[in-house]
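Residue numbers (this note's numbering): 552 to 703.
Glycine included, C-beta positions come from ideal geometry on N, C-alpha and C.
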């Protein structure tokens, strides 16, 4: 069932990105949600992020290790998340908790007032499956581009 959902998403994403070659934030969010597990109350945080990906203005993925990532759904829109050069995540004694901790957008000058964005839900991501799906989408886009060029 999950494979069917991913395949359907891939077809829809290809239709949407055939002209731009890049997934939109909402398409990326759909892909990440397809690889997210059941919500958890918190996760271990080691003081720095290994990476992050914005998924629109109310969700993002954060990597705590190269093969460990979390989908953070925020309680509402987070100003400037799509343009942020950096973020930070609050935590209590090395744990980031849903409904309690926040994402803070960084950058934009020293006088920029930033409103922290509350984390509503946390879901573990199946990083291996997510990377495989991203690879399939890239390969499908390359094939679609090649077909478009040969048809012209």
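Here residue 599 carries a coil assignment [DSSP, helix/strand/coil].
Contact between the segment 684-702 and the segment 603-615 is absent, with fewer than three C-beta pairs closer than 8 angstroms. In the DSSP annotation of this structure, the continuous segment of the alpha helix (DSSP H) that includes residue 699 starts and ends at 678-702.
With distances taken between CA atoms, residue 650 lies nearest to 594 out of 677, 576, 594. Per DSSP, residue 636 has no beta-bridge partner at all. According to the DSSP assignment, residue 648 belongs to the beta strand (DSSP E) that extends over 646-648. Under DSSP, residue 616 forms a beta bridge with 619. Residue state for residue 582 is assigned as helix, using DSSP reduced to three classes.
For the pair residue 628 and residue 668, the Cα-to-Cα distance works out to about 8 angstroms. Less than 8 angstroms divides the Cβ of residue 631 from the Cβ of residue 656. The C-alpha of residue 626 lies about 27 angstroms from the C-alpha of residue 679.
Around the Cβ of residue 674, a 10 Å sphere holds 16 or more other Cβ atoms; the residue is buried. Distance between residue 671 and residue 653, taken at the CA atoms: about 9 angstroms. Residue 642 is not bridged by DSSP to any residue. Between the alpha carbons of residue 584 and residue 645 lies a gap of roughly 25 angstroms.
Taking the Cα positions, residue 691 is about 43 angstroms away from residue 643.
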